[in-house]
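S.K.:
In my numbering, the protein residues as written are 6 to 492.
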C-alpha cells in the first residue's frame, strides 16, 4: 500500500513539473494571431535585437496592457517615427523615413529598430548649421538656443535613443515618460521625503505656458535660499540647457548632484533673466508650512502643502498640532502639482468620521482600485481650501474628496489644472522606470476633473499670482478665505 502511495506521489510530481514546463514555454513563445497587435506582455518581449531595443519592447508591453483595446503598436511606432522625423526636419536635417509596412509584430519591431538606427546615422553624418537654418524661420534667439541644445543632445546615441523612446511615450499621453536610472533615483528621493543632495527648492510638477518651471517654495537655510532664489522664480536653463527640451523629472535630476558640486540656474524673475551659481548640499524635504492667523480674535490655522510625498499626511498633522489644533483651517494647495495619491486620501481621512469611499480608479478593464478614508486621528474644524490653475492631480483629489465627504468645505480660487489620470512606475531592465498612465480617478461625486476641474464655491482671481505673495497682505484668495472663516 505504501509503495502504491509513493508511486502515485512520484508520478503526480512528474506531471506537475511537465505542466509548468509547458506553461513556461507557452509564455515565452511568440504567437501571431491574424497578424494583429493583440499581444501579451510576454509575446512582446521577443529577443531579436540589441539591449536598448529590448528595453523598447518592454515599454511597449506595459503600454499595451493599460491602453484601450484598439491600441495599435504599429500605429504608435509610425507616429513615433513621424515625431522624430518632423523634429529633425525642423532643425534642417534632410530626413525622409517611410512608414513601417510589415504585417506581423516581430517584423515591424525589427523594421522600426532598423529605421531608428538609420535616422541616427543620417544625423551623425550630416554637418548641419542649426542656427542658420532656424534663423530663416524667424525664431527668437531663445528659441534658436533651445533647438541648438536639442541638436547637440541628439548627436550622442544614448541621448538620441532616449529621445526616440520618449517620443514613443508622448504618443500615449502627456504624462507617460521614461526615466533613466539617474532620473529615477532623483524622482524617488522627491517622493520619499528623505535626505538628498540638491539646492533646496520645490518645483511645480507641470510647466507653465512658456515651458518654464515655477519654483513654488524655497526651503530656509538651503543653498538656493542663501543665494537669493525666491518662490515664483521660473527656471529657464540648468547649466546652459533650456528646460523646454526636458521633462520636469529630467530637470530635477539635472539640478541634483553630489554635495559640494556647482549647478548654474538661469532664472526668470518678472522680465529679468538672472544667473545663479549654487553649490549643492544635503537637503531634507518638508512638504508643509504653517502659520497662525488672528482675525478679530478668531484663530485660523493656515497650512500650505507644496507636494505629496510619503510623509505629507504625517507632516500635515504635525503642522495642525503645532498650531494648537485650531477650529478653523485654510489648506493652501496652490501650485501643488500632486504626488502620492494615498497621502491625499489620508489627509481627507482626518476630517471624515467613518470609513468612506474617497476616490476610485477606472482603467480600460473597469474599476482598478477603491481608496477609502482611514485614520484614527481626527480633526474637527471648518475648512477652506485654496486652489489655482497649477493645483493638479493628488492636490485636486484632496480638494474634491473633502468637498464631497465634508459638505461644509469651501473652495476658493480659480479653476484647477484638471489632471485626473494616475501614473504608476514599472521597473525596466536598464534600472530605469516607465512612468505610465494606468487609469483615471473619480471622487465620490463622479466629477470628471479633467473637464470640470475642482468645484469652486468662490472664484477669486489672483492675477499673475506669485508664491512669494502667498499668505501675505496682497493675497486676495487668502483674504477671502479669512473673511469666510472669521464671520
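Cβ atoms here follow ideal geometry from the backbone N, Cα and C, with glycine treated the same way. It should be emphasised that the depicted structure is a prediction, and the values quoted were computed from it without experimental measurement.
(1) Can you give me the C-alpha to C-alpha distance between residue 320 and residue 295, rounded to a whole angstrom?
(2) If you run the structure through DSSP and keep just helix, strand and coil, what is residue 72?
(3) Considering just the uninterrupted stretch of the alpha helix (DSSP H) at residue 437, what are its terminal residues?
(4) Using beta-carbon positions only, say whether residue 260 and residue 335 come within less than 9 Å of one another.
(5) Residue 440 and residue 182 look like a contact to me (Cβ under 8 Å); what is the Cβ gap, rounded to whole Å?
(6) Between the Cα of residue 89 and those of 188, 168 and 160, spot the shortest distance and give me the residue it belongs to.
(7) Out of 446, 303 and 136, point me to the one whose CA is closest to residue 488's CA.
(8) Please state whether DSSP places residue 149 in a helix, a strand or coil.
(9) Going by the DSSP bridge assignment, what does residue 333 pair with across the sheet?
(10) Can you check whether the CB of residue 340 is closer than 9 Å to the CB of residue 393?
(11) Quick test of your reading: residue 156 and residue 135, contact by CB under 8 Å. State the CB separation rounded to the nearest angstrom.
(12) CA-CA distance, residue 466 and residue 481?
(13) Considering Cα atoms alone, identify which of 453, 240, 274 and 416 is closest to residue 387.
(14) Determine the extent of the alpha helix (DSSP H) in which residue 196 is found, giving its start and end residues.
(15) Along the alpha helix (DSSP H) that carries residue 113, what are the first and last residues, could you check?
(16) Tell me the DSSP secondary structure of residue 91 in three-state form.
(17) For residue 442, which three-state DSSP category applies?
(18) Indicate whether residue 127 and residue 98 have their beta-carbon atoms separated by less than 9 Å.
(19) Decide if residue 3 is buried, meaning its Cβ has at least 16 other Cβ atoms within 10 Å, or exposed.
(20) Mapping DSSP to helix, strand and coil, what is residue 211?
(21) Taking the continuous beta strand (DSSP E) assigned at residue 419, which residues delimit it?
(22) At 3 residues or longer, and completely inside the segment 257 to 333: list those beta strand (DSSP E) runs for me, N to C.
(23) Please classify residue 372: is it buried, with 16 or more other beta-carbons within 10 angstroms of its beta-carbon, or exposed?
(24) In angstroms with no decimal places, state the Cα-to-Cα distance between residue 293 and residue 234.
(25) What do you get for residue 53, buried or exposed, if any count of 16 or more other CB atoms within 10 angstroms of its CB means buried?
(26) Per DSSP, which residues does residue 429 bridge with? Please list them.
(27) Locate the alpha helix (DSSP H) running through residue 456, then write down its first and last residues.
M.R.: Working from what's here:
(1) For the purposes of this step, residue 320 is taken as the residue at position 315 of the chain shown. For the purposes of this step, residue 295 is taken as the residue at position 290 of the chain shown. Near 10 Å, if we compare the C-alpha coordinates of residue 295 and residue 320.
(2) Locating residue 72 in the chain shown gives position 67, counting from the first residue. Coil at residue 72, not helix or strand.
(3) Counted from its first residue, the chain shown places residue 437 at position 432. Here residue 437 belongs to no alpha helix (DSSP H), and DSSP marks it neither H nor E.
(4) Here residue 260 refers to the residue found at position 255 of the chain shown. Here residue 335 refers to the residue found at position 330 of the chain shown. It is not a contact, given that the beta carbons lie outside the stated cut-off.
(5) For the purposes of this step, residue 440 is identified with residue 435 of the chain shown, where counting begins at 1. For the purposes of this step, residue 182 is identified with residue 177 of the chain shown, where counting begins at 1. Residue 440 to residue 182, Cβ: 5 Å. Contact.
(6) Translated into the one-based positions of the chain shown, residue 89 becomes position 84. When each option's Cα is compared against that of residue 89, the closest is 168.
(7) In the chain shown, residue 488 corresponds to position 483, counting from 1. Ranking the options by Cα distance to residue 488, first place goes to 303.
(8) The residue labelled residue 149 in the question sits at position 144 within the chain shown. The answer is helix: DSSP assigns residue 149 an H, G or I state.
(9) The count along the chain shown starts at 1 and reaches residue 333 at position 328. According to DSSP, which records beta bridges pairwise, residue 333 is partnered with 387.
(10) In the chain shown, counting from the first residue as 1, residue 393 sits at position 388. In the chain shown, counting from the first residue as 1, residue 340 sits at position 335. It is a contact, given that the beta carbons lie within the stated cut-off.
(11) In the chain shown, residue 156 corresponds to position 151, counting from 1. In the chain shown, residue 135 corresponds to position 130, counting from 1. Correct: roughly 4 Å between the Cβ atoms.
(12) Here residue 466 refers to the residue found at position 461 of the chain shown. Here residue 481 refers to the residue found at position 476 of the chain shown. Approximately 7 Å, taken between the alpha carbons.
(13) Working through the chain shown from its first residue, we reach residue 387 at position 382. Of the candidates 453, 240, 274 and 416, the one whose C-alpha sits nearest the C-alpha of residue 387 is 416.
(14) Working through the chain shown from its first residue, we reach residue 196 at position 191. That run of the alpha helix (DSSP H) goes 186 to 197.
(15) Here the question's residue 113 lines up with position 108 in the chain shown. From DSSP, the alpha helix (DSSP H) with residue 113 extends over 110 to 130.
(16) Reading the chain shown from its first residue, position 86 is the one you call residue 91. If DSSP states are grouped into helix, strand and coil, residue 91 belongs with the helices.
(17) The residue labelled residue 442 in the question sits at position 437 within the chain shown. Residue 442 falls in the strand class under three-state DSSP.
(18) Within the chain shown, residue 127 is the residue found at index 122, counting from 1. Within the chain shown, residue 98 is the residue found at index 93, counting from 1. Closer than 9 Å, so yes.
(19) What is shown of the chain runs 6 to 492, which leaves residue 3 out entirely.
(20) Residue 211 sits at position 206 when you count from the first residue of the chain shown. Of the three classes helix, strand and coil, the one that applies to residue 211 here is coil, per DSSP.
(21) One-based indexing of the chain shown puts residue 419 at position 414. Per DSSP, residue 419 belongs to no beta strand (DSSP E) and is neither H nor E.
(22) 267 to 274, 277 to 284, 286 to 289, 293 to 300 and 303 to 310
(23) To locate residue 372, count along the chain shown from 1; it is residue 367. Flag for residue 372 reads exposed.
(24) Counted from its first residue, the chain shown places residue 293 at position 288. Counted from its first residue, the chain shown places residue 234 at position 229. Looking at the two C-alpha atoms, the distance is approximately 19 Å.
(25) Position 48 of the chain shown, counting from 1, holds the residue named residue 53. Residue placement at residue 53 cannot be trusted, given a pLDDT of 34 that sits under 50; the coordinates are not used to answer.
(26) Here residue 429 corresponds to residue number 424 of the chain shown, with the count starting at 1. In the DSSP output, where bridge partners are listed per residue, residue 429 has 441.
(27) Looking up residue 456 in the chain shown gives position 451. Counting along the chain, the alpha helix (DSSP H) containing residue 456 begins and ends at 454 to 457.
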